[in-house]
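If you read the sequence shown in this note's numbering, its first letter stands for residue 24, the second for the next number, and so on. Built from N, CA and C at the ideal position, the CB exists for glycine as well. If you're wondering where the values come from, they're calculated on a predicted model, not measured in any experiment. A short write-up of the structure that comes next.
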Amino acid sequence: MIKKKLIRNAKKVDKFIINFLKKQKTSSLVQAMKYSVISGGKKIRSTIILDAGKMFNIDEKKLINVCAAVECIHSYSLIHDDLPCMDNDVIRRGKPSTHIKYGEASAVLAGSSLLTLAFEIITDKKYLLNSKIKNELVRTLAICSGHTGIAEGQELDLKFEKKKKKANQIIDMQKKKTGKLFNFCLYAAGTVAKKNYKEKKFLSSLGEDIGLLFQLSDDFLDKKGSRKLMGKPVKKDNKKGKSTLLNLMGEKKAYLYAQNLKKNILRKLEKHGKKADELINSIKFIFDRKF
Ligand code: GRG
């Protein structure tokens, strides 16, 4: 069931991005951008956005730009993450990483172009949201991505290598590196649904917890998962001396921590009743996933 939903949503987002790029002037970077963002990955963040939209009765058409923008930022972060100066990974989504396929310079530029494309997509004239909402989406996406968000998370992740860090430092780093984009996913659905400040704050924090859960399962999959299903090399975290909760606490304690985190997330969604069913299914997938 969840697999079908992921594929259906990924197709919609891919189609949107292809059409968006088609309407722009072309460039020598488009191929590398498409290589990274189209037909690659689970597009789980888009599914989370659309699930949250269902909770608030929002038409998918009102969220598709947000999904596409988030996937552009996500793919950008993966291109840069794979570079030799960062995690130095040569395989991503079962194929050569973007810098292996197109060279480092083009990969850096394709990544940067996906970052800016995200903002072009949200501010597009044809995206029929009022300017105030678009402005809020742009501002929040920028904050979540930049030096207090994903970029800082990545900086800390690299700095923490081979260092003994405390649980709260690792949680803070992972909530930035991975959690901030999930934070934005829920916040954006709340913003389009015109929720009040308190509700949006609640959604941000819930999204960040979902992101942390996602990262925890990623760390487990690095240790115990299949390279084939993951589409990327596994068993790297130990070799690189990555600071993860799994490395710090050991399997049993880290699993209990993740299980508890999942329970708390699901409890917070109870107030939305059946309308949260799709989101709940996706969160269960995040916890149990094998890819
Ligand atoms: C975004 C401003 C900005 C800077 C980028 C390089 C970098 C700074 C950040 C890296 C962040 C990173 C790699 C976080 C890990 C998140 C994670 C677990 C990614 C894997 O996500 P999946 O499984 O990937 O959703 P697919 O392939 O399915 O899309």
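Inter-residue Cα distance where the pair is residue 171 and residue 208: In a straight line, the C-alpha of residue 171 is about 17 Å away from that of residue 208.
Same chain, Cβ closer than 7 Å to residue 198, neighbours up to 5 away in sequence not counted: Excluding five sequence positions before and after residue 198, the CB atoms of its chain that fall closer than 7 Å to its own CB belong to 231, 234, 235, given in chain order.
Burial state of residue 113, where buried means 16 or more other Cβ atoms lie within 10 Å: Exposed, because fewer than 16 other Cβ atoms sit within 10 Å of the Cβ of residue 113.
Minimum C-alpha distance to residue 243 - residue among 223, 178, 227, 311: Closest option to residue 243, Cα to Cα, is 311.
Rounded C-alpha distance that separates residue 52 from residue 26: Their Cα atoms are separated by approximately 31 Å.
Sequence-distant residues of its chain with Cβ nearer than 6 Å to residue 36 (five each side left out): Cβ neighbours of residue 36 beyond the five flanking positions: 66, 69, 90, 91, 94.
Alpha helix (DSSP H) segments (min. 4 residues) lying fully within the segment 221-257: Runs found: 250-253.
Cβ pair residue 264, residue 184 closer than 7 Å: Result yes, Cβ atoms of residue 264 and residue 184 sit closer than 7 Å.
The ligand GRG heavy atom lying under 6 Å from the CB of residue 312: Checking every heavy atom of the ligand GRG against the Cβ of residue 312, none is found closer than 6 Å.
Where residue 83 falls, given that 16 or more other Cβ within 10 Å makes a residue buried: So residue 83 counts as exposed.
Neighbourhood of residue 205 by C-beta, 6 Å cutoff - its chain only, sequence neighbours within 5 removed: Counting only Cβ-Cβ distances below 6 Å, and skipping sequence neighbours, we find 230, 233, 234.
Residues near residue 96 in its chain [Cβ-Cβ closer than 8 Å; skip 5 each side]: So the qualifying residues of the chain are 137, 138, 141, 164, 168, 173, 204.
Endpoints, the alpha helix (DSSP H) within which residue 282 is located: It spans 274-292 - the alpha helix (DSSP H) in which residue 282 sits, taken as one unbroken run.
Short Cβ contact (7 Å threshold) for residue 211 with residue 160: Yes. Within cutoff.
Cβ-heavy atom distance, residue 105 to the ligand ZN, below 6 Å: Of the ligands this structure carries, namely the ligand GRG, none is the ligand ZN.
Residue 93 - containing alpha helix (DSSP H), residue span: Taken as a continuous stretch (DSSP letters only), the alpha helix (DSSP H) holding residue 93 covers 87-105.
Member of 241, 313, 261 whose CA lies at the smallest distance from the CA of residue 252: The shortest Cα separation from residue 252 among 241, 313, 261 belongs to 313.
Alpha carbon of residue 181 to alpha carbon of residue 268, nearest angstrom: One C-alpha to the other measures close to 15 Å.
Short Cβ contact (7 Å threshold) for residue 88 with residue 40: Cβ distance not < 7 Å, so residue 88 and residue 40 don't count as in contact.
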